[in-house]
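Visitor: Okay, handing you the structure first.
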Amino acid sequence: MIGCALACRAPAQSSAPCPEPGAAVDAKFSPGQVWTYYSRETEPAATITVLKVETLPKIGVIVHIRLDGIRLHNCSSGPEPREIEHAPFTREALDRSVVKLIRTGEVPSFQEGYSRWRHDCGGVYTITVAEMVAADERTLNAGMGCHS
86 MIGCALACRA PAQSSAPCPE PGAAVDAKFS PGQVWTYYSR ETEPAATITV
136 LKVETLPKIG VIVHIRLDGI RLHNCSSGPE PREIEHAPFT REALDRSVVK
186 LIRTGEVPSF QEGYSRWRHD CGGVYTITVA EMVAADERTL NAGMGCHS
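Its first residue numbered 86, the sequence shown is counted upward by one per residue in the working numbering.
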């Protein structure tokens with residue numbers, strides 16, 4: 086992950102198990118909240134939904150989010166992703182990203198992405214949400230053979 090703190094090592098790199106995140110309660114972020122954030126100019130209606138709040142000893146509070154209303158431009162004219170179903174951020178990175186709480190509702194399903202993150206001993210983003218979306222778009226297009 087670009088701009089991330091490693092939650093643990095990938096299993097192939099170490100025989101040590103991934104640290105188990107603990108449940109956390111945060112004064113600002115809680116599951117089901119939908120926030121606006123400092124999105125890219127091309128995505129003015131993009132939102133963040135808080136999925137889960139956890140903690141890891143070396144990282145601190147981790148806020149798992151879903152993004153809706155984005156548009157990852159595809160240089161090959163193929164499908165353009167409009168959402169990211171799971172992305173873990175440090176609390177500080179998310180705090181730098183959000184603008185306004187717009188509602189609280191049900192937590193959408195995210196178990197598949199979360200389980201993959203746990204299985205892979207995934208990292209946690211320390212950059213802003215908009216920076217992560219831009220990095221994902223660059224990665225998508227690099228995979229299509231396009232150059233920025």
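By construction, the Cβ of each residue, glycine as well, lies at the ideal position given by its N, Cα and C atoms.
Per DSSP, which residues does residue 114 bridge with? Please list them.
Guide: In DSSP, residue 114 forms no bridge with anything.
Visitor: Give every residue of the same chain whose Cβ lies closer than 8 Å to the Cβ of residue 168, excluding the five residues on either side of it in the sequence, and list them in chain order.
Guide: 151, 152, 153, 154 and 155
Visitor: Which of the three DSSP states is assigned to residue 189 in this structure?
Guide: strand
Visitor: I'd like to confirm the pairing. Which residues does DSSP put opposite residue 183 in its beta bridges?
Guide: 122
Visitor: Could you check the C-alpha separation between residue 107 and residue 143 for me, to the nearest Å?
Guide: 12 Å
Visitor: Exposed or buried, which one is residue 176 when buried takes at least 16 other CB atoms within 10 Å?
Guide: buried
Visitor: Would residue 157 pass as a contact of residue 195 if the rule is Cβ separation under 8 Å?
Guide: Contact flag unset, no.
Visitor: With residue 149 as the anchor, note down where its beta strand (DSSP E) starts and where it stops.
Guide: 145-153
Visitor: Where does residue 184 land, buried or exposed, given buried means 16+ other C-beta within 10 angstroms?
Guide: exposed
Visitor: Determine the direct distance from the alpha carbon of residue 103 to that of residue 180, and round the result to whole angstroms.
Guide: 26 Å
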